[in-house]
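Colleague: Protein sequences, first through last, are from chains A and B. Numbering follows our numbering, with no gaps: position 257 of the first sequence is 574. Numbering follows our numbering, with no gaps: position 178 of the second sequence is 495. C-beta atoms are modelled at their ideal positions from N, C-alpha and C, and glycine is treated no differently. Every value quoted in this text rests on a predicted model; they were computed, and no experiment measured them. What follows is a single structure, and I will ask about it in a moment.
Number of protein chains: 2
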Amino acid sequence: MTLPTTRLMQVFDLRHPVLSAPMAFAGGGALAAAVSRAGGLGLIGGGYGDPAWLEEQFALADGERVGVGFITWSLRKSPALLTDVLRHRPVAVMLSFGDPRPFVDEIRAAGARVICQCQDMGHVMDAVEVRADVIVAQGAEAGGHGASRGTMSFVPEVADHLSRHAPETLLLAAGGIADGRGLAAALMLGADGVLMGTRLWAAREALVQPGHHGAILETDGDGTVRTTIADIARQIPWPRGFTARIRRNAFTERWHGREAALQTAVATEAPRYRQAFAAGDPEQTGVWFGEAAGLIHAIEPAADIVTRVSSEAVRCLERATGGRS
Amino acid sequence: MTLPTTRLMQVFDLRHPVLSAPMAFAGGGALAAAVSRAGGLGLIGGGYGDPAWLEEQFALADGERVGVGFITWSLRKSPALLTDVLRHRPVAVMLSFGDPRPFVDEIRAAGARVICQCQDMGHVMDAVEVRADVIVAQGAEAGGHGASRGTMSFVPEVADHLSRHAPETLLLAAGGIADGRGLAAALMLGADGVLMGTRLWAAREALVQPGHHGAILETDGDGTVRTTIADIARQIPWPRGFTARIRRNAFTERWHGREAALQTAVATEAPRYRQAFAAGDPEQTGVWFGEAAGLIHAIEPAADIVTRVSSEAVRCLERATGGRS
């Protein structure tokens, strides 16, 4: 028995219904290419829009079929970045955290698919309005930026909405998915596949400092928190309604719940945060992973992760249906 | 094809791996009995411990095999209530929100199974220490009281912990589960079954005012919020770390985020809240349901809900494994 070929796998010509999240800073070209080479689809993290970094990452992807993702409200400040990136012929462009309207025509004209990541039903309606090819329903379990809906009820609610209003639109589940159990559960909830962040953040190819990789192995799923303090410390003006899930550590212990005080101290805290981040300090800065940390016990090659998630999902389905295990 | 007979179904002699949550006020004897009669297991909501109400509800259960659930920190204030209730020979007693140690011996001596509902890994360790027969991993999507872990990653993390430390302990998933997709997903994540609150709150037999039942049908999954304001308004001293998910309405709009002001105004707000609750006002009081609201479109008999959830789960599994649908 193998996983049924989902529409997602047909549209993107994949062997596994798994995309990597376009994680800012961590999701570079090597990770995206490794995911694609293994039979999934890797997305380079466009992040806050550093053109030189993006050029470098597309070069590292070395011609492999990959996509790219942007923080939409940030892309709006430097829209030429999209034009530059589309020259690399990404398979898909994912837009998260903001109005997708200004960008979809240019993405389509370049022959790339439009993926919209959504955190609530309002976002889903926006994504349907722009006729997104793929919607990612991202639950609050996810690492990094997101919002408050839980994956378990959000995914089937989006599936119902799409079946009524946009039946051709594909659906990915994200948030709290790190192994084949999560992939199998996502398929049950009505998704065509999954987008994995935290599990692939903990891949060897991710651009993550060893100190931060070490931290995830010591953290269970209780050990993260949704907060705005990392954005305050980095002086990145995120719109209201979004928070970032990061590791609970000395930094969150000190500042979470004391946002106004952090704002007041930001002239000293900003350089301190950035220095600690660059050094891979696990305590004195944001360490960017989600509740799936409790399911992750090794830093592994991305290809091993992608293929195992897929084969584990098959075994989960077999067990539940009395097939061989 | 039918659902595989899970260990849960064997232990409790069930046709469907579905328990009803022992919802305070809403989960009375009629609902619990209807769930049990349909082949699941119904739990009467012991709530804050009104002995006369509990006697009445056991009478309404009319001899059907049911269980009962308590808010553990509240039960500690009137432990004789447990002794009274055990005379009705409940199949199981569920303990949530507090230290289970003071109660497990008495429950076992009465021949009832011990169910511990957990919101984080610390709770799970406590439940394993008292050798709970069943652990409920409750995600933040759930209506009413709970905490912050999401169902999607919490359930498999608990499953891993149990497989290492207490392989005989059964596992239920709760939070955001309202249909067969959720049950099938829970089985994939490693659960033996599900505990459903919100979906059975929206059953005809639930003790819910028509105005509140009407409200859930008009609310999507974005329309709830985790907050402490209902407990402040009711002057119920919940321990730190727990919040309650209720409908977003005029009451939450006014007070959520203004907890200190509500505390100051509580002499007038407490009677106002209780009056609006008793009247079934959908706006001026807590309306107690979770994110699964977005999956619920009718108030139905509990038996229809339980049997449909089970048959839908079978169809989900069949679709994914290429069986007949």
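1) Given glycine 499 of chain A, which residues of its chain have a CB within under 7 Å of its CB, disregarding the five upstream and five downstream residues?
2) Consider the Cβ of aspartate 509 of chain B: report whether some Cβ of chain A lies at a distance smaller than 7 Å.
3) Whose C-beta lies closer than 8 Å to the C-beta of glycine 463 of chain A among residues of the same chain, with five residues either side of it excluded?
4) Rounded to a whole number of angstroms, what is the C-alpha to C-alpha distance between alanine 587 of chain A and alanine 596 of chain A?
5) Applying the criterion that 16 or more other CB atoms from any shown protein chain within 10 Å of the CB defines a buried residue, is leucine 534 of chain A buried or exposed?
6) Are methionine 469 of chain B and methionine 505 of chain A closer than 7 Å when you measure CB to CB?
7) Buried or exposed for methionine 442 of chain A, please, with buried defined as at least 16 other CB atoms from any protein chain shown within 10 angstroms of its CB.
8) What is the DSSP secondary structure of glycine 639 of chain A, reduced to helix, strand or coil?
9) For serine 337 of chain B versus glycine 359 of chain B, is the C-beta distance shorter than 7 Å?
10) Out of B/Phe329, B/Asp496, B/Val352, B/Ala577, which one is the CA nearest neighbour of serine 628 of chain B?
11) My parser needs the alpha helix (DSSP H) runs of 4 or more residues fully inside the region 483–508 of chain A; what are they?
12) For chain A, check one thing: does any of its Cβ atoms lie closer than 7 Å to the Cβ of aspartate 416 of chain B?
13) Between which two residues does the alpha helix (DSSP H) harbouring arginine 551 of chain A extend?
14) Which residue's Cα is closest to the Cα of alanine 376 of chain B: B/Ala577, B/Trp572, B/Leu348, B/Leu399?
15) Relative to the alpha-carbon of proline 368 of chain A, which residue among A/Phe387, A/Glu381, A/Ser353 has its alpha-carbon at the smallest distance?
16) Output needed for threonine 536 of chain A: all residues of its chain with C-beta closer than 7 Å, excluding positions within five of it in sequence on either side, in chain order.
17) So isoleucine 494 of chain B contacts chain A; which residues on that side make the cut at Cβ distance below 7 Å?
18) Can we count proline 419 of chain A as close to the ligand GDP, meaning its CB is less than 6 Å from some heavy atom?
19) Determine, using beta carbons only, whether glutamate 617 of chain B comes closer than 7 Å to chain A.
20) Would DSSP call valine 604 of chain B helix, strand or coil?
21) So with Cβ pairs under 7 Å, would you call arginine 641 of chain B a contact of chain A?
22) Is the separation between the beta-carbon of tryptophan 605 of chain A and that of glycine 366 of chain A shorter than 7 Å?
23) State buried or exposed for arginine 641 of chain A, treating a residue as buried only when at least 16 other CB atoms are found within 10 Å of its CB.
24) So which of A/Phe414, A/Leu399, A/Tyr590, A/Thr585 has the shortest CA-CA distance to threonine 569 of chain A?
25) Is proline 321 of chain B close to chain A? Criterion is C-beta to C-beta, closer than 7 Å.
26) Using beta carbons (cut-off 7 Å, strictly below), is proline 473 of chain A in contact with chain B?
27) Please decide whether aspartate 537 of chain B counts as near chain A, where near means a Cβ-Cβ distance under 7 Å.
28) Are three or more beta carbon pairs between the region 607–623 of chain A and the region 569–580 of chain A nearer than 8 Å?
29) Taking the beta carbon of alanine 444 of chain A as the centre, do at least 16 other beta carbons fall within 10 Å, making it buried, or is it exposed?
30) Would you say the region 341–355 of chain A touches the region 515–530 of chain A, given that touching needs at least three Cβ pairs under 8 Å?
31) Using only CA atoms, which one of B/Ile549, B/Ala567, B/Ile546, B/Glu446 lies nearest to alanine 532 of chain B?
32) Counting only the same chain and skipping the five closest in sequence on each side, list residues whose C-beta sits under 7 Å from that of cysteine 633 of chain B.
33) What separation, rounded to the nearest whole angstrom, lies between the Cα atoms of arginine 466 of chain B and glycine 538 of chain A?
34) Cysteine 433 of chain A versus chain B: which residues are under 8 Å apart at the beta carbon?
35) Hey, could you find the ends of the beta strand (DSSP E) methionine 442 of chain A is sitting in?
36) Measuring straight from C-alpha to C-alpha, what distance separates alanine 593 of chain A and glycine 428 of chain B?
Modeller: This is what the structure gives:
1) For glycine 499 of chain A, where only same-chain residues beyond five positions count, the Cβ hits under 7 Å are Gly493, Val511.
2) no
3) Gln436, Gln455, Gly456, Ala457, Gly492, Arg543, Phe559, Thr560, Ala561, Arg562
4) 14 Å
5) Here leucine 534 of chain A is exposed. Its C-beta has fewer than 16 other C-beta atoms within 10 Å.
6) no
7) Only exposed fits methionine 442 of chain A, as fewer than 16 other CB atoms lie within 10 angstroms of its CB.
8) coil
9) yes
10) B/Asp496
11) 497–505
12) no
13) That run of the alpha helix (DSSP H) goes 546–551.
14) B/Leu348
15) A/Phe387
16) Arg564, Ala610
17) Residues of chain A with a Cβ closer than 7 Å to the Cβ of isoleucine 494 of chain B are, in chain order, Met469.
18) Of ligands this structure carries none, so the ligand GDP is not represented either.
19) At a cut-off of 7 Å between beta-carbon atoms, glutamate 617 of chain B makes no contact with chain A.
20) DSSP, reduced to helix, strand and coil, places valine 604 of chain B outside both helices and strands of the structure shown, so it counts as coil.
21) Residue confidence for arginine 641 of chain B is low, a pLDDT of 39 falling below 50, so the modelled location carries little weight and cannot support an answer.
22) no
23) Confidence at arginine 641 of chain A is low in this model, with a pLDDT of 39, below 50, so the placement of that residue is unreliable and no value is reported for it.
24) The candidate whose alpha carbon is nearest that of threonine 569 of chain A is A/Tyr590.
25) yes
26) Nearest CB-CB separation between proline 473 of chain A and chain B: below the 7 Å threshold.
27) yes
28) The region 607–623 of chain A, when compared against the region 569–580 of chain A, does not touch it at the 8 Å Cβ threshold.
29) buried
30) By the C-beta criterion, the region 341–355 of chain A is judged to be in contact with the region 515–530 of chain A, since at least 3 inter-stretch pairs fall below 8 Å.
31) Ranking B/Ile549, B/Ala567, B/Ile546, B/Glu446 by Cα distance to alanine 532 of chain B puts B/Ala567 first.
32) When the five nearest sequence neighbours on each side are left out, the beta carbons in the same chain lying within less than 7 Å of the beta carbon of cysteine 633 of chain B are those of Gly497, Arg498, Ala501, in order along the chain.
33) 8 Å
34) Per Cβ cutoff of 8 Å: no residues; cysteine 433 of chain A is ~16 Å from chain B at best.
35) Here methionine 442 of chain A belongs to no beta strand (DSSP E); instead the alpha helix (DSSP H) covers 438–446.
36) A straight line joining the alpha-carbon of alanine 593 of chain A with that of glycine 428 of chain B spans about 56 Å.
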